[in-house]
Each structure stands twice: as C-alpha cells, then as structure tokens.
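Encoded as structure tokens, the structure appears first; notes follow it.
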Amino acid sequence: MSSPALLEVRGLKKHFPVRGGFFARVQDWVKAVDGVSFDVYPGETLALVGESGCGKTTAARCVLRLIEPSAGEVLFEGRNLAQLDSAGMRELRRDMQIIFQDPYSSLNPRMSIGNMIGEPLRVHGVTGNGELERRVSELLEIVGLSAAYQRRYPHEFSGGQRQRIGIARALAMNPKFVVCDEAVSALDVSIQAQIINLLNDLQAQFNLAYLFIAHDLNVVRHIADRVAVMYLGRIVEVAPVEELFNAPRHPYTQALIAANPVPDPDVAQEGQPLQGDVPSPLRPPSGCHFHPRCPQAMDKCKEKYPDTTAMSETHSVSCLLYES
Amino acid sequence: MAETQILDEDELALRQPPESPLREFWHIFRRDRLAMAGLIVLVLLLFAAFAAKALTEWTVVFDPATVRLVDKFKPPMSAASTLLPAEDLPRGGIYLLGTDELGRDVFARMLQGSFVSLSIGFVAVGISIFIGILLGGLAGYYGNLRIFRLMTVDTLIMRFTDVMLCFPTFFLILTVVALLPPSIYNIMIVIGLTSWMGTARFVRAEFLALREQDFVVAAQAMGLPERRIIFVHMVPNAIAPVLVSATIGVATAILTESALSFLGFGVQPPFATWGNILSDGKGYIFDAPWLFFIPGMAILVVVLAFNLVGEGMREALNPKLRRRT
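Residue numbers (this note's numbering), protein chains in the order written: chain U, 21 to 344; chain R, 2 to 326.
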C-alpha cells in the first residue's frame, strides 16, 4: 500500500439527536458512528462488516456526505469534503458514487432507464445530445444489459436486472470510488454471484475502489482485499482479508467468523456463539463497548475504551488484550 | 455467449417495442366502465362549455338574457308563443328546457352556467394545487430545517395547514365574498385559497416517503441540483394522488360555487350559473319543477362524473396494477 490513499477518513462521527418534550428539545444523542477512521486505496476493495445497526451504512453515507457528519474529516484525494462549497461538492460527486441494497427503491419508477442513466451526464453537461444516447447504450452493455432497454421503465425488470441498472447509473460519470451499500444482500444467491463477478470485472476494467458494506462474510471473503469490522459505531479490527479470516484477533471478529456457517455438514461448529444482543447506541456500555458480550472480558475492559494497536503494518485491532 | 442465452418470457417481453406510459395508463383506465362513462360526460361538458361561451356571448345563438313575459314557466319542449316579436324567438321556436319566471330560455342559461361552473372548478383547483404542492413540498423536503431554533419548517407549515383546516371553509368563503365585490374571479381565488390543505398534506406525506427512497439519495449522490431533484425526480412520483384529489376537487369547487350562488353571494344575476338558476327555481318547486330539477341534475351528474374519473385515474396511475405487456 505504498500509493497514497484515495480516501482517508479520520475520526468520523455521526450523532443523531433524540428529540422530545416541549418544543422538541434535544434530549439525547444516538452515537451511530463514533470515531471511525480508515483509508481506501485506489483500485482496492475495503469491506465494512458488522451486525445490523452497528453504523456501517451511516458511516458510508457520511463519507459521501449524503448525511452531514457531526465531526471528523473525510479527505478524498487530499481534499477535505467538509470544507467544500456546494459547487465544489457537486464537482467531486462525479468521482464517488453509490450502489444501493434494495434494487426496488433505488430506481425512479417514473423515469425510463435511458433517462435515468443519462441523468448525471445531462446535468453535469459531460456529453452532447447525440453522444448521450451512445454513452447510455455503452453503459448498459458494460453491465450486461441490452442497449434496446433504454426506453423501458424499472418495473419491467427483475431484481438482478435492476441492480445492473443501478450499477450502470453509478458508473456513468466514471467514478474512482464506489460505495456498495449491501449491494448484493437483497438478491438471490445465483444472482448474487453474477453481480459480484460483474463488480469484480468492473473493478479490474476501470480501476475502481469499493467500500463494500456487507454482513455476509462469505461474500466479503470473495470480493474484499481488506476488511474493517465495526461494532456499535466503532471499528474494532482492520486486516487484509485472508489474515482476518485465518487469524482474527479481536474477540468480536473471532465470534463473527465462528458464527459464519461453513458449507460442509461434517465440520462441527466451533466456539460458542455470542450471547445477548447489540446494546443500544443510545447508551453504549462503559469502557470497551463489547465487554458485556465478550468471552475474554477483564475488569479493566469496563473502564477504558482500548486504543488502536497495530499488530502489523496492515493489521490493527482495538482490544485491551493486545495493548501493552 | 449472448446468442446461446436462453431468453425467458420476461426477456422476450422486454425485447418488444415499448409501450409509452400514457398508452399504458389509457389501457387500464379504459377497462373501468364507470370511469369511462364519467370521462364521456366530462368531454361532452367541456364541448358544451366552450360551445356555450361561443353561442351565448360571441355570436348570440342562444340568448340567456332575453326576457319574454308572455312565455313565463313554459315546460321543456314547448313551443314559443306566437305573440313574441321575431327577435325574441328562441332558436327553432322551441324551448328545449323550458323557461323561468321571466320567460328566459333555461337551456341558454344552463349553457352559460356550464362555462362558469367549469372555469371556476379548474381555476380554483389550479390555485389550490399550486399552493398545495409548494407548501407540501417545502414541508416534506426541507422539513427538518429548523428556524428560530423553535420549530422546524415542517411544523410551521403543517400547523398553518391545520389552522386553515379548522376554519369552517364555507363560512370563511361567505365572509370573504360578502366583503369583496362579487365577481367570478374573486370566487375562483377564494375557493382556491381555502382548499389547498388536502393537497399540501398529500404532497408532504409523499415527499416524506420519497425522501427516504434510494433513488432520491442516488440523485443527491449524483450531485444533481435540489431544484432538479424536487421537480424532476420527486414531484412526478408524488403527483398521482394529487391529480386524483384535484379531479374530485373540481367537483367540490363546482358545488361550492353553486352553493354560493344559491345563497346569492356568488356570481350575480343576470349572469346565469347553475347555482343561481337552482336558487331562482326553488320558489316554484311545485309550479315549475324543471327549474330546480335541471340545474340540480346537471350538478349531480357533473360532480359524479368528476369523482368517477378521479377514482379511475387513481386505479390507472397505480404502477403496481400495470401489466407488463
């Protein structure tokens, strides 16, 4: 990882106010994302994994500034997103795109496929009128659809086809960085494989960097270069994908991987599954957020949130077990 | 590889030339017989209204204002009296829908009134939809924006809507119309200004739901200007219930105008509207029942037609009911 990072996220926080009472005063804060830092390098896939509600999607949307972060910095190619005005932000949006989980709500039902994919091109004035249709056809063919579908409407397509359309739309501006927000979670397993392969091909073809949000570890193992594990708004472990799966360090990562079903009936499930639920981000446990569920919890875990410890140049973990 | 791919049925359907959304809408709408009946009535009415404008004002073929005291209370289809001077004779020498207490031709007056009713209906609803989409859209899209640290844009607009809803609208209109000089334009504007609340609520609700939809987030992620997101991506998706309520709103506006005219606050005589024909006729219910029966039936049929068409549109605009072929 010698090349400079495409995207640097430093101490990203998003706290949502909980309002109530007279004149809807702020009564509390939900710390959905609470100090997240990571890098994404050009052409790589960083997977963000964790249980539902741990803040994966919020973090990704803060990175794209679709949600305004409460604190922290997001640097894209060295430029701080928070300091850009709306014109600068619009310019930058060409380079960063998003693919959504639900292919049914991600396409405008009253817009034809061609118009939808051409929309960013038209607004950013990238192409002339004759050029536009040609580019849209090209995009449709890149994602494996017929260019003849341009005048069709979304409800005429199946889930997998819709996801391809969503990908074509994201690719329209030739982005460098794409957030895949659970991009395959809503699809059938066979379609999932197709879309994952498509994403892999596109990455090779256009040197895309992905921030791949998922909770299916088998998918992550297949597509990711590096993996960041999130728990309750914070990243607990970052490691290259094989290292993470073969030698997980954080007890939470170990539990996640142990809970991942192995497609072999003869392999016995090892380790014991995690007890309890994810605590409320409204009132996270003291100290290390994971200590109430951690099989290796110590007394000091209740008092102090662990700092990030570097296990190697590419592997870091936030756990008091490894803190010297 | 593409050649050997087996095409399933969906795939084949997609290869066929596409059907435009309008055609598809029409296909579904046409299957609803009541809505089609309503539509036919409305088309006829539209023709009648424009013909009426031409025939009663520009070239006077049917004169709604001629007073013929010899021909008072003639029932429908009766011939004109031979005592009438030639210039006062109705077209064809026959009163299609009879005459009123001053011997005026009810058919001519109904024609004149149809234009008034329709134009009041459309202009008033136009005003109310404009205000409704504007306020509802603002409340829905910028809802969380706080002003003065006290309340959100959403709270401000929706509480104002609630206040407007609390007024007994009809009495508000009565008061305003009593204070303003009675003219058809004032009535249009007043009805429009007091009937946007339903639309605003519809649009706000639609916008709240749409704002969370991924395709709106995608539009934001693509860096589209807010104006374009609202008007190109959101309004077309929010417009279906608005159109439906507008169609029904036209019916309500026609009723309101009739009621105002009936009470004498509406369009002033001698200009005829369905409401004041009805109002004039109420004194002669037993002697000349056609005087209230004709405008009453006209209002009933038109209001019913608008409602049926509205219902039919609601069905046809529902994308889930659309077929793939």
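For glycine and all other residues, C-beta sits at the position ideal for the given N, C-alpha and C.
Ends of the beta strand (DSSP E) at residue i?
{"i": "R/V42", "result": "From DSSP, R/V42 is part of no beta strand (DSSP E) but of the alpha helix (DSSP H) over R34 to K54."}
{"i": "U/Q117", "result": "M116 to I119"}
{"i": "U/K33", "result": "L27 to G40"}
{"i": "U/V249", "result": "R246 to Y251"}
{"i": "U/K51", "result": "R45 to V60"}
{"i": "U/P140", "result": "Where U/P140 is concerned, there is no enclosing beta strand (DSSP E), although the alpha helix (DSSP H) it sits in stretches over I133 to V143."}
{"i": "U/R254", "result": "R254 to P260"}
{"i": "U/A224", "result": "Element bounds for U/A224: not the beta strand (DSSP E) but the alpha helix (DSSP H), V209 to F226."}
{"i": "R/G193", "result": "Premise fails: R/G193 lies in the alpha helix (DSSP H), I185 to L194, not in any beta strand (DSSP E)."}
{"i": "U/Y230", "result": "A229 to A234"}
{"i": "U/F96", "result": "A91 to F96"}
{"i": "U/A188", "result": "U/A188 -> not in any beta strand (DSSP E); alpha helix (DSSP H) instead, spanning G179 to L191."}
So is residue i in contact with chain R if we call contact Cβ pairs under 9 Å?
{"i": "U/D48", "result": "no"}
{"i": "U/S126", "result": "yes"}
{"i": "U/D245", "result": "no"}
{"i": "U/M21", "result": "No answer about U/M21 holds up, because its pLDDT of 46 lies below 50 and its placement is not dependable."}
{"i": "U/M331", "result": "no"}
{"i": "U/L86", "result": "yes"}
{"i": "U/R130", "result": "yes"}
{"i": "U/G179", "result": "no"}
{"i": "U/E153", "result": "no"}
{"i": "U/V143", "result": "yes"}
{"i": "U/G307", "result": "no"}
{"i": "U/M250", "result": "no"}
{"i": "U/P122", "result": "In the sequence as displayed, the identity of residue 122 of chain U is Asp instead of Pro. For U/D122, the answer is yes, since a Cβ of chain R falls inside 9 Å of its Cβ."}
{"i": "U/P89", "result": "no"}
Less than 7 Å between C-beta atoms, sequence neighbours within five positions excluded: which residues of the same chain meet that for residue i?
{"i": "R/L279", "result": "S259, F263, F293, P296 and G297"}
{"i": "U/A330", "result": "S336"}
{"i": "R/L40", "result": "V310"}
Does the beta-carbon distance from residue i to residue j come in below 9 Å?
{"i": "U/S336", "j": "U/A224", "result": "no"}
{"i": "R/I230", "j": "R/A125", "result": "no"}
{"i": "R/G138", "j": "R/A239", "result": "yes"}
{"i": "U/C200", "j": "U/L219", "result": "yes"}
{"i": "R/V1", "j": "R/P183", "result": "The question about residue 1 of chain R has no answer here: the residues shown for chain R are numbered 2 through 326."}
{"i": "U/L101", "j": "U/R85", "result": "yes"}
{"i": "U/A267", "j": "U/F58", "result": "no"}
{"i": "R/V68", "j": "R/G104", "result": "yes"}
{"i": "R/M223", "j": "U/P140", "result": "yes"}
{"i": "U/V69", "j": "U/L228", "result": "no"}
{"i": "R/M314", "j": "R/L244", "result": "yes"}
{"i": "U/A168", "j": "U/I137", "result": "no"}
{"i": "U/P271", "j": "U/Q212", "result": "no"}
{"i": "U/A192", "j": "U/L222", "result": "no"}
{"i": "R/T162", "j": "R/A206", "result": "no"}
{"i": "U/Q103", "j": "U/P195", "result": "no"}
{"i": "U/L165", "j": "U/R184", "result": "yes"}
{"i": "R/L119", "j": "R/I255", "result": "yes"}
{"i": "U/A80", "j": "U/I233", "result": "yes"}
{"i": "U/R269", "j": "U/C339", "result": "yes"}
{"i": "R/Y142", "j": "R/E213", "result": "no"}
From the beta carbon of residue i, is the nearest beta carbon of chain U less than 9 Å away?
{"i": "R/F28", "result": "Here residue 28 of chain R is His; the residue named in the question, Phe, does not match the sequence. No, its Cβ sits nowhere closer than 9 Å to a Cβ of chain U."}
{"i": "R/P77", "result": "no"}
{"i": "R/V1", "result": "Nothing in the structure corresponds to residue 1 of chain R, since chain R is present only between 2 and 326."}
{"i": "R/D64", "result": "no"}
{"i": "R/A219", "result": "yes"}
{"i": "R/P226", "result": "yes"}
{"i": "R/R229", "result": "yes"}
{"i": "R/P183", "result": "no"}
{"i": "R/M159", "result": "no"}
{"i": "R/F208", "result": "no"}
{"i": "R/F232", "result": "no"}
{"i": "R/M223", "result": "yes"}
Given residue i, which residues of its chain have a CB within under 6 Å of its CB, disregarding the five upstream and five downstream residues?
{"i": "R/A317", "result": "F26, I29 and F30"}
{"i": "R/L8", "result": "The predicted position of R/L8 is uncertain, since its pLDDT is 49 and thus under 50; no value can be drawn from it."}
{"i": "U/H35", "result": "W49, K51 and S90"}
{"i": "U/P299", "result": "P305"}
Identify the continuous alpha helix (DSSP H) that holds residue i and give its terminal residues.
{"i": "R/V124", "result": "V107 to Y142"}
{"i": "R/I295", "result": "W291 to L318"}
{"i": "R/C167", "result": "V154 to C167"}
{"i": "R/D281", "result": "W275 to G282"}
Going along the chain, which residues of its own chain have a beta-carbon closer than 8 Å to the beta-carbon of residue i, five neighbours each way excluded?
{"i": "R/R110", "result": "P65, D101, A273 and I278"}
{"i": "U/T77", "result": "D201, E202 and I233"}
ask   = Could you give the uninterrupted runs of the alpha helix (DSSP H) lying entirely in the segment 197-261 of chain R, keeping only those of 4 residues or more?
value = 198-212 and 215-222
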